[in-house]
Each structure stands twice: as structure tokens, then as C-alpha cells.
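The sequence shown runs contiguously to residue 321 in my numbering.
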Amino acid sequence: MTLLLTAAAAQAQSAYAHRDANGQWVFTDRPDGTNGTTRASIALEHEPAAMQLSLTRVDHDDVAQLVASSNCLCVATMGVTIEQSELEGIPAGAKYLVRLEPGEHDKVVREGRHGGHSALRFSWRVALGSPDAVHQPPRPYRAPFAVGSTYTVTQAYPVRITHVTPDTEYAIDFALPDGTPVYAAREGVAINVQHDSFRGGALPAMLDQANVVEILHDDGTIAVYAHLQWDSIRVRIGQRVRLGEYIANSGNTGFTTGPHLHFAVWRNVAGKDVSIPVQFAGLGGAPVSAATSTPLTAY
Numbered sequence: 023m024t025l026l027l028t029a030a031a032a033q034a035q036s037a038y039a040h041r042d043a044n045g046q047w048v049f050t051d052r053p054d055g056t057n058g059t060t061r062a063s064i065a066l067e068h069e070p071a072a073m074q075l076s077l078t079r080v081d082h083d084d085v086a087q088l089v090a091s092s093n094c095l096c097v098a099t100m101g102v103t104i105e106q107s108e109l110e111g112i113p114a115g116a117k118y119l120v121r122l123e124p125g126e127h128d129k130v131v132r133e134g135r136h137g138g139h140s141a142l143r144f145s146w147r148v149a150l151g152s153p154d155a156v157h158q159p160p161r162p163y164r165a166p167f168a169v170g171s172t173y174t175v176t177q178a179y180p181v182r183i184t185h186v187t188p189d190t191e192y193a194i195d196f197a198l199p200d201g202t203p204v205y206a207a208r209e210g211v212a213i214n215v216q217h218d219s220f221r222g223g224a225l226p227a228m229l230d231q232a233n234v235v236e237i238l239h240d241d242g243t244i245a246v247y248a249h250l251q252w253d254s255i256r257v258r259i260g261q262r263v264r265l266g267e268y269i270a271n272s273g274n275t276g277f278t279t280g281p282h283l284h285f286a287v288w289r290n291v292a293g294k295d296v297s298i299p300v301q302f303a304g305l306g307g308a309p310v311s312a313a314t315s316t317p318l319t320a321y
């Protein structure tokens, strides 16, 4: 039997479906081992891209321009590398760091002249948040699950099994079962949401499949909540999120070996997302650091 859920402007993905104890259809990216599991094709509705940043070449007669645009709700830094160039004024090997203000469009990064030869090849990366941000939380972070509940930390600094890049070095993984409510560890504004993936696994192809919420704090740092459950996210781009507000359910999407919540706080350092050490509120509000293989309780 094939199930097909339709929606406007939808993109089909393959899934497995089974009925739970209440007779409701449950969709996952893996069979659950029951005889009732069946292959399903789900059409997922895609909202317009939450964040759109672009770097394009625009030609005017004998002048070529590199033009950057962003619809981001926060400052973004674009690191541009010129890999090949036959343009006068844009040398091959050059690197540029471009600051884009929130919603800034058509910013000319560089321009060069060309004659009969005008080859230009470039690459770019983006870091979100102001490079001037200073991490100044008003209080220790709230553990991102229900008050009174306790979960084990499966990875935290200095243990670095998968947290081997600057943006993950101080990230924290919590062993939250699939479907566990996740709450905002600090207030801010939601600047990025991805919610339409239900794929997960320890494969390189899964690296961009995690459902995430990114929240900009008032000091310019950004919190990321990752591997969230498909279609569970309850905050939207531009929404002011309160401390302790329910934002989603934990899940098993993206590059993962099992259900968990990945939590990190970043700041923009010279055009790169760099994670920051954080502490959580313990009993009586005392700051507590997360440690691998150690339980953490939310207060």
C-alpha cells in the first residue's frame, strides 16, 4: 500500500509508515520492525527559503561586478575567495570579507574590467551574527528540556568525537528520546528554521538534512537547536522567542547515529561561526557546566 499526502508546492520524499497503538499513521525514515510497516511517499510543503544569501556576477558593458544580497534578519559576514580571474581589479587568489546588514541587497563587493577574456570563478561562505558580538548572557542558560527532567549529556567539551570543527567544539549533545519537547535556553529572535526533513543517519549525505532552529540573542550570539523532529517546530522566522518557550521536539534528523538534541551557541569570528562555552542553571540558579556521560537536570 502506498500513502500519498499532497500539498501545494510540495516535494515528494520517501518514508515508512505504520499505525501506532491508537491507530494513527506514524511516518519515519526507517522501518520500525513491525509487520505493519509500509513504504510511503509523502509530499512535503516547502516554505520560501528562510535565509537567502547570494553572490552573483553582474556585467555592465566591459565591467563585471560581484554583487551580494541577504534577506537575513541579522548581520551576516560573507567570506569570498577568487579562485580564477581574468578581470583587471579582481585578482585570482584574492580573499574578501564582506559585511551585510540585515536585509541588505545588491552590495557591490568588487568590480573589474575585462576585454576579450572575462573568466571568473569564486566561492563563498557565510557566518551569521555581528562580528562585534560579545557573549553576555544575563544568567546561566536554561537546560533546553522540561523543568524537573534529567537527561544524560552524551558529548561535551573536551570530548570531541564528532564536534571537531570551530562551530561544534563547545556544542553539547543531550540523549533526548525522539519526540521530547525542546524549550528555548535563552530568549531571542528566530532567524532560521528548517523543519521539513525526516531523514537521518551516519552518512555524509545526511549532513544538510537536520531540522534546526537558530535564535539570535540580544548580545549578537546565536543558539542552534539541531536534529529536531520533522514538522514539530513551533516558532517562525522573525518571532520573538521567550526564555523557556516550547520551540520543537527533539528528533533524529541529519547526521546522527540516534535520537538526540545538539545544542550550541555561536559567535561570528572573522567570518566564521565559532562555538562558545556555556553554563546552565543548576539548583538555585548556580551555574553548571555540562560534562560527557553526566546527567543534567533542568531548573
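Every residue, glycine too, gets a C-beta built ideally from N, C-alpha and C.
Report yes if the CB atom of residue i is closer than 7 Å to the CB atom of residue j, and no otherwise.
i	j	result
residue 293	residue 99	yes
residue 88	residue 132	yes
residue 208	residue 247	no
residue 173	residue 197	yes
residue 90	residue 120	yes
residue 302	residue 252	no
residue 300	residue 287	yes
residue 270	residue 250	yes
residue 279	residue 224	yes
By a C-beta neighbour count over all protein chains shown, 10 Å radius and 16 as the cutoff for buried, is residue i buried or exposed?
i	result
residue 183	exposed
residue 123	exposed
residue 160	exposed
residue 169	exposed
residue 315	exposed
residue 130	exposed
residue 236	buried
residue 232	buried
Mapping the DSSP letters down to three states, classify residue i as helix, strand or coil.
i	result
residue 227	helix
residue 150	strand
residue 222	strand
residue 266	coil
residue 109	coil
residue 311	coil
residue 101	strand
residue 67	Low local confidence applies: a pLDDT of 44 at residue 67 is under 50, so the model's placement there is unreliable, and no value is given.
residue 280	coil
residue 273	strand
residue 60	Unreliable placement is indicated for residue 60, whose pLDDT of 48 sits below 50; the coordinate value is still reported in the next sentence. Reduced to three states, the DSSP call for residue 60 is strand.
residue 301	coil
residue 143	strand
residue 47	Any reading at residue 47 is ruled out, since the residue's pLDDT is 48, under 50, leaving its predicted position unreliable.
Sort out for me which residues DSSP pairs residue i with in a bridge.
i	result
residue 177	195
residue 208	For residue 208, which the question treats as bridged, DSSP gives no partner whatsoever.
residue 133	87
residue 128	The partner list for residue 128 (beta bridge, DSSP) is empty, contrary to what the question assumes.
residue 203	271
residue 245	237 and 287
residue 120	100
Please work out which residues of its chain come closer than 6 Å, Cβ to Cβ, to residue i, disregarding the five sequence neighbours upstream and downstream, and give them in chain order.
i	result
residue 211	238 and 262
Does chain D have any CB closer than 7 Å to the CB of residue i?
i	result
residue 245	Absence of chain D from the displayed structure is noted, only one protein chain being present.
Grab me the residues of residue i's own chain with a C-beta within less than 7 Å of its C-beta, minus the 5 sequence neighbours each way, in chain order.
i	result
residue 266	164, 205 and 206
residue 305	321
residue 128	89 and 91
residue 69	Interpretation of residue 69 is limited by its pLDDT of 49, a score under 50 that renders its predicted location unreliable; no figure is taken from the coordinates.
Just to confirm, does residue i get its C-beta within under 6 Å of one of the non-hydrogen atoms of the ligand ZN?
i	result
residue 169	For the ligand ZN, the structure offers nothing, since it holds no ligand at all.
Excluding the 5 residues preceding and the 5 following residue i in the sequence, name in chain order all residues of the same chain whose CB lies nearer than 8 Å to its CB.
i	result
residue 137	84
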